[in-house]
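Numbering (this note's numbering), first residue to last: 618 to 736.
This report concerns only the one structure given below.
Structure, rendered in structure tokens:
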């Protein structure tokens, strides 16, 4: 992935992409609550602080920069998302964005929550 594409992704408004995560999950019979649980697990946000990020329309860069704490088990998130092997993504911010994509993808594919949350 090139730097220009990365910069474009980083400046995308998180609240603009968030409904797509919900739609993807709901199409497969999963819920908004499960998507929120995944986001909170990954980032350390509470439901209230996540809603604040959505309300203030922060971009992805800010969303991850302000995240209280990345989950210590993120290294267990592996595989391919959008044609890229997560373990091989060098840019730290892009890696976080892809972690989130991968978790939502797993939810939509019907994976059990315990497995998605690497428990």
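Every residue gets a Cβ at the ideal spot worked out from N, C-alpha and C, and that includes glycine.
The structure displayed is predicted, hence computed values, not measured ones.
Can you tell me the Cα-Cα spacing of residue 672 and residue 686, whole angstroms?
20 Å
What does the Cβ neighbour count give for residue 707, buried or exposed, with the cut at 16 atoms within 10 Å?
exposed
Residue 814 versus residue 663 - alpha carbon distance:
In the structure as shown, the chain begins at 618 and stops at 736. Residue 814 is therefore absent and cannot be evaluated.
The alpha helix (DSSP H) with residue 724 in it runs from where to where?
709-725
Note down the Cα distance separating residue 623 from residue 711, rounded to an integer number of angstroms.
7 Å
Apart from the five residues on each side of it in sequence, which residues of its chain come closer than 7 Å, Cβ to Cβ, to residue 667?
653, 656 and 657
Among all the DSSP beta bridges, which residues are the ones paired with residue 676?
630
Starting from residue 733 and walking both ways along the alpha helix (DSSP H), at which residues does that stretch end?
730-733
Quick check: the stretch 721-728 against the stretch 638-651, are at least 3 beta-carbon pairs closer than 8 Å?
yes
Among the residues of its own chain, which have a CB less than 6 Å from the CB of residue 660, if the five just before and after it don't count?
684
Identify the residues that DSSP records as bridge partners of residue 698: which are they?
701
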